[in-house]
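So the structure is just underneath, and the comments pick up after that.
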Amino acid sequence: MSEAKIEIKIGEITFSGEGDSNWLSEQLDKIMDRAEDLISLAPSKTQQQPQVTDPTHQAADLSGHNEIASQTLPAWLRSKNAETVQNSKFLATAVWVEAKGQKRLQTKDVTAALSNANQKRLHNASECLNQNVKKGYCEKEGNQFYVTEEGKRSLGIN
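Under our numbering, the first residue of the sequence shown is numbered 54, with each subsequent residue one higher.
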């Protein structure tokens with residue numbers, strides 16, 4: 054008898070087995086026969102639509118704000134008095150990037166926008182994001198985030 058190992062992931066269901074190769078082969082056949090049923094029971098998370106966990110935190114709709122996108126980033130930061138306070142600078146930059154058409158952001162998008170506009174960098178962009186999340190100004194979704202309506206209002210955007 055030879056020992057064998059197997060691990061299969063179908064959707065969010067994982068099967069791991071170790072033992073006799075004949076037994077594992079039988080178990081694999083059973084799983085493969087039921088694969089479609091398993092997928093429908095627990096589809097992978099990437100197939101599901103993102104869910105907003107807190108209904109008070111809605112994504113900011115910046116589609117009608119061409120005045121934001123038409124400004125340079127330095128001018129936008131000056132107009133929002135967000136040149137020195139790190140959390141405000143992060144939030145205002147995120148709003149500006151979103152106004153340019155990007156709906157979901159990563160911290161690197163904010164830092165790249167600041168760098169490309171020759172602005173002083175943030176000391177810790179991830180911490181700025183975390184502080185804005187605590188205030189309800191941003192909402193995380195996996196490794197991305199978006200600015201909430203509250204975040205938009207905090208900058209005086211209606």
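We put the CB at the ideal spot given by N, CA and C, even for glycine.
Annotated three-state conformation of Ala145 is helix, per DSSP. Within the same chain, Cβ atoms closer than 8 Å to the Cβ of Arg157 are found at Glu194, Gln197, Phe198, Tyr199, the five residues on either side in sequence being excluded. Note that the C-beta distance between Gln172 and Leu126 is below 8 Å. Taken atom to atom, the span from the alpha-carbon of Gln139 to that of Leu167 is near 12 Å. Per DSSP, reduced to three states, the secondary structure at Glu89 is helical. Residue nearest to Thr137 within the set Ala165, Leu175, Asn185, Gln80 is Leu175 (criterion: CA-CA distance). For Gln184, the enclosing alpha helix (DSSP H) has its first and last residue at 178 to 187. Less than 8 Å separates the beta-carbon of Val150 from that of Val163.
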